[in-house]
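Take a look at the structure below.
Protein chains: 2
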Amino acid sequence: MTNIKDLAKRAGVSVTTVSRVLNQHPYVSEAKRIKVERAIEETGYLQNINAVHLSKGKTNLIGVVLPFLDHPYFAQVLIGVSEQAKIKGQTLVLFPTNYEIEKEQAALRMLRQKQLDGVIICSRVSPLPVLEDYVQYGPITLLEQRQSDHFSSVFVDHQAIFTRALEYLYDQGHRDIGYTIYRRNGTHSTVREKAYRTFLERHRLPFNPDYCFDGALYLEDSKAVWQKLKTLKHPPTALLVTSDQVAAGLVIHAEAFNIAIPKACAIIGLNDEPIAKALNLTTIRIPLKAMGEKLLDHVLSSEREHTSFDVTLIERQTV
Amino acid sequence: MTNIKDLAKRAGVSVTTVSRVLNQHPYVSEAKRIKVERAIEETGYLQNINAVHLSKGKTNLIGVVLPFLDHPYFAQVLIGVSEQAKIKGQTLVLFPTNYEIEKEQAALRMLRQKQLDGVIICSRVSPLPVLEDYVQYGPITLLEQRQSDHFSSVFVDHQAIFTRALEYLYDQGHRDIGYTIYRRNGTHSTVREKAYRTFLERHRLPFNPDYCFDGALYLEDSKAVWQKLKTLKHPPTALLVTSDQVAAGLVIHAEAFNIAIPKACAIIGLNDEPIAKALNLTTIRIPLKAMGEKLLDHVLSSEREHTSFDVTLIERQTV
DNA sequence: TTGTATGCGTTATCAT
DNA sequence: ATGATAACGCATACAA
């Protein structure tokens with residue numbers, strides 16, 4: 326493997342000069358530049374990038390922490406991140422955590438070891454104080470509604486979204502509204518519950534703990550939702566659903582459970598995934614790809630920035 | 326940032342000794358080991374991994390080249406790869422190419438620059454001779470049926486699969502069988518056409534170029550398939566479909582096109598994705614996750630290996 | 001405009 | 001068992 330020294334010898338210049346043409350610095354005569362370039366040609370020289378990293382103390386590598394790869398929500402975000410990464414000349418290192426804290430910490434450790442210039446966390450399990458410990462080693466950007474001085478963030482106002490969807494259903498005459506979530510202690514779940522309780526109080530509606538269905542993330546989780554719903558004496562007449570995946574599952578399996586949609590149960594999905602359009606799902610469109618792009622921008626920036634995105638209620642056939 | 330030198334000074338030993346305990350080499354006295362470990366504790370020392378990479382000439386980074394992130398087929402493979410990567414202590418660098426050759430080459434370049442120890446290519450656009458040029462820099466493993474001395478590979482026998490599905494449909498009485506593909510010049514497409522023509526000849530069936538529908542990859546592509554099929558005087562009575570995504574779309578939109586399934590048109594999907602079960606799609610199960618795991622194993626191995634996986638025909642309601 | 005010398009943090013070699 | 005020292009390949013302050 327020819328290195329910068331060989332190159333210098335071959336071109337009859339110093340390594341500094343070679344380094345200069347390599348990094349397109351000014352102050353190198355045309356004659357020598359050509360010599361060096363010829364030497365590069367002849368030898369098929371290529372930098373050892375690890376030496377560059379060591380010397381510069383950075384890698385152009387960005388870590389992306391996310392729980393699942395096989396869920397359209399995160400896939401869309403990841404597409405946005407990766408497209409912007411291409412534009413900005415960054416490379417992505419993937420950390421699918423499945424919500425295991427060790428895998429999340431692997432990313433953090435690599436940040437600390439200077440293998441990563443920054444980390445994007447799409448959904449976290451580490452508590453915030455832990456993350457705050459790591460910002461001294463490099464920027465961390467969160468896909469989460471959190472106005473912190475430590476992290477940049479990109480988010481939609483889930484509380485507002487949820488409230489809006491609830492009011493929409495209320496306007497359509499629904500009084501018994503349920504909702505599905507994935508993790509009881511997830512960030513979104515807390516927000517949803519708060520919005521839900523506020524909504525109930527505003528309209529003087531009773532709170533029913535049975536109207537919150539958890540464990541709903543994938544399409545096939547929908548069966549369990551219907552099953553649980555069927556056990557209720559007074560089932561909800563409308564459901565705000567974790568994602569279009571679950572909403573699609575609910576619609577697909579509704580017949581088997583003898584439930585007419587939207588008559589017996591209205592459904593509002595989330596994300597406006599392709600399947601939502603195919604199945605005519607009423608849903609809330611979230612600009613996930615654009616959010617992914619912004620995540621990359623933020624993690625590259627030296628400033629702490631917080632960007633909020635707007636959502637759109639897409640009225641189709643399930644309400 | 327404390328480095329190995331500081332550590333040595335603090336522990337009153339040489340850097341060599343520190344390096345030895347860091348890398349768990351033998352020949353270091355218990356006393357010194359403890360001293361060093363204490364120094365590590367006290368300083369919160371962490372290796373600069375880039376220095377390790379430079380010194381060792383390897384990175385424990387594996388590149389994964391794949392066209393799309395938002396398709397269940399590749400998502401499943403990627404999950405397999407990443408789970409095995411965790412076990413083997415490897416980290417994944419992602420190259421979503423969207424079939425743009427420059428992005429594929431970015432991975433190859435990083436292999437050449439020693440930033441990657443190896444590259445897994447799930448679907449390629451570069452011709453094989455180009456890839457062969459790069460194996461001198463590190464192992465390349467293909468998700469593709471190709472017995473080459475240059476690359477390891479992981480695959481299912483698509484020709485056999487396709488043939489088997491065709492025969493299955495033939496046994497069910499179908500004589501006018503069509504199929505969908507994504508890219509006309511994709512690797513799979515060539516294989517499928519070959520199997521198709523062989524099948525037709527064996528049963529002395531006529532070849533009809535209209536029975537091959539291209540551009541079908543995502544769920545929403547299914548509409549175009551139905552549209553084109555509707556223009557045919559003698560439409561096929563059965564369809565072998567690119568993926569369960571497309572198959573699902575076909576089933577979902579069948580009603581709108583006034584097509585009864587399986588009566589008017591039988592459908593066989595591919596991959597046995599979750600949606601296939603939900604919609605009762607007859608499909609061919611491919612062990613994508615297991616294949617992903619094997620991909621990672623192969624790229625880590627110094628041997629060239631070729632692993633074939635078996636598939637299963639899942640009979641459900643669309644044939 | 002160019003080159004020398006040094007630093008980056010670690011591992012590997014070799015002598016003791 | 002331990003340590004000095006030379007790589008590893010490149011960037012850069014400083015001198016010229």
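Chains A and B supply the protein sequences, listed in that same order. All the letters of the first sequence, read from the start, carry residue numbers 326 to 644 under this note's numbering. All the letters of the second sequence, read from the start, carry residue numbers 326 to 644 under this note's numbering. Using N, Cα and C, we set each Cβ at its ideal position, and we do this for glycine too.
Per-residue contacts from residue i into chain A (C-beta, under 9 Å)
{"i": "residue 574 of chain B", "result": "599, 600, 603"}
{"i": "residue 392 of chain B", "result": "Result: empty, since nearest Cβ-Cβ is about 12 Å, beyond 9 Å."}
Presumed contact (8 Å Cβ cut-off) between residue i and residue j, rounded CB distance
{"i": "residue 405 of chain A", "j": "residue 385 of chain A", "result": "In fact, because the Cβ distance is near 19 Å, the residues do not count as touching under 8 Å."}
{"i": "residue 392 of chain A", "j": "residue 423 of chain A", "result": "6 Å"}
{"i": "residue 502 of chain A", "j": "residue 517 of chain A", "result": "In fact, because the Cβ distance is near 12 Å, the residues do not count as touching under 8 Å."}
{"i": "residue 460 of chain B", "j": "residue 475 of chain B", "result": "5 Å"}
{"i": "residue 412 of chain A", "j": "residue 450 of chain A", "result": "Actually they do not touch by this definition, with Cβ atoms about 30 Å apart."}
{"i": "residue 421 of chain A", "j": "residue 394 of chain A", "result": "5 Å"}
{"i": "residue 447 of chain B", "j": "residue 361 of chain B", "result": "No, residue 447 of chain B and residue 361 of chain B are not in contact; Cβ-Cβ is about 43 Å, not under 8 Å."}
{"i": "residue 538 of chain A", "j": "residue 553 of chain A", "result": "6 Å"}
{"i": "residue 586 of chain B", "j": "residue 607 of chain B", "result": "Between residue 607 of chain B and residue 586 of chain B the Cβ distance is about 10 Å, and since that is not below 8 Å, they are no contact."}
Partner residues on chain B for residue i, Cβ-Cβ distance less than 8 Å
{"i": "residue 545 of chain A", "result": "599, 602, 603"}
{"i": "residue 606 of chain A", "result": "What residue 606 of chain A touches in chain B: nothing, since even the nearest Cβ is about 11 Å away."}
{"i": "residue 401 of chain A", "result": "395"}
Proximal chain A residues relative to residue i, where beta-carbon distance stays under 7 Å
{"i": "residue 371 of chain B", "result": "437, 438"}
Partner residues on chain A for residue i, Cβ-Cβ distance less than 8 Å
{"i": "residue 411 of chain B", "result": "428"}
{"i": "residue 384 of chain B", "result": "375"}
{"i": "residue 515 of chain B", "result": "Result: empty, since nearest Cβ-Cβ is about 28 Å, beyond 8 Å."}
{"i": "residue 577 of chain B", "result": "603, 604"}
{"i": "residue 379 of chain B", "result": "373, 375, 376, 378, 379"}
Beta-carbon proximity list for residue i, same chain, < 6 Å, skipping 5 on both sides
{"i": "residue 444 of chain A", "result": "388, 432, 436, 465"}
{"i": "residue 370 of chain B", "result": "327, 332"}
{"i": "residue 487 of chain A", "result": "517, 520"}
{"i": "residue 467 of chain B", "result": "446, 476, 478"}
Partner residues on chain B for residue i, Cβ-Cβ distance less than 9 Å
{"i": "residue 421 of chain A", "result": "403, 404, 407, 408, 411, 417"}
Within 8 Å, strictly: CB atoms of residue i and residue j
{"i": "residue 498 of chain A", "j": "residue 603 of chain B", "result": "no"}
{"i": "residue 599 of chain B", "j": "residue 543 of chain A", "result": "yes"}
{"i": "residue 569 of chain A", "j": "residue 594 of chain A", "result": "yes"}
{"i": "residue 398 of chain A", "j": "residue 596 of chain A", "result": "yes"}
{"i": "residue 633 of chain A", "j": "residue 402 of chain A", "result": "no"}
{"i": "residue 592 of chain A", "j": "residue 564 of chain A", "result": "yes"}
{"i": "residue 342 of chain B", "j": "residue 357 of chain B", "result": "yes"}
{"i": "residue 622 of chain B", "j": "residue 409 of chain B", "result": "yes"}
{"i": "residue 547 of chain B", "j": "residue 528 of chain B", "result": "no"}
{"i": "residue 380 of chain B", "j": "residue 631 of chain B", "result": "no"}
{"i": "residue 345 of chain B", "j": "residue 364 of chain B", "result": "no"}
{"i": "residue 567 of chain B", "j": "residue 605 of chain B", "result": "no"}
{"i": "residue 417 of chain A", "j": "residue 418 of chain B", "result": "yes"}
Opening and closing residue of the beta strand (DSSP E) in which residue i lies
{"i": "residue 645 of chain B", "result": "As displayed, chain B neither begins before 326 nor continues past 644, which places residue 645 of chain B out of reach and without an answer."}
{"i": "residue 420 of chain A", "result": "416–421"}
{"i": "residue 562 of chain B", "result": "Element bounds for residue 562 of chain B: n/a, residue is neither H nor E."}
{"i": "residue 503 of chain B", "result": "502–505"}
{"i": "residue 463 of chain A", "result": "Segment: none, residue 463 of chain A is in no beta strand (DSSP E) and carries neither H nor E."}
{"i": "residue 610 of chain A", "result": "608–610"}
{"i": "residue 338 of chain A", "result": "Careful: residue 338 of chain A lies outside any beta strand (DSSP E) and carries neither H nor E."}
{"i": "residue 637 of chain A", "result": "637–639"}
{"i": "residue 586 of chain A", "result": "Where residue 586 of chain A is concerned, there is no enclosing beta strand (DSSP E), given that its DSSP letter is neither H nor E."}
{"i": "residue 444 of chain A", "result": "443–446"}
{"i": "residue 353 of chain A", "result": "No beta strand (DSSP E) contains residue 353 of chain A, which DSSP labels as neither H nor E."}
Extent of the continuous alpha helix (DSSP H) to which residue i belongs
{"i": "residue 375 of chain B", "result": "374–381"}
{"i": "residue 477 of chain B", "result": "Looking at the DSSP string, residue 477 of chain B is not in any alpha helix (DSSP H); the run it does join, the beta strand (DSSP E), is 477–481."}
{"i": "residue 625 of chain A", "result": "613–625"}
{"i": "residue 573 of chain B", "result": "569–579"}
{"i": "residue 403 of chain A", "result": "397–412"}
{"i": "residue 549 of chain B", "result": "547–555"}
{"i": "residue 426 of chain B", "result": "426–437"}
{"i": "residue 516 of chain B", "result": "512–527"}
Cutoff 7 Å; reference residue i; Cβ partners in own chain excluding five residues on either side
{"i": "residue 330 of chain A", "result": "340"}
{"i": "residue 500 of chain B", "result": "530"}
{"i": "residue 555 of chain A", "result": "582"}
{"i": "residue 535 of chain A", "result": "557"}
Residues of its chain near residue i, where Cβ-Cβ distance is below 8 Å and the 5 sequence neighbours each way are ignored
{"i": "residue 382 of chain A", "result": "439"}
{"i": "residue 614 of chain B", "result": "401, 402, 404, 405, 408"}
{"i": "residue 628 of chain B", "result": "477"}
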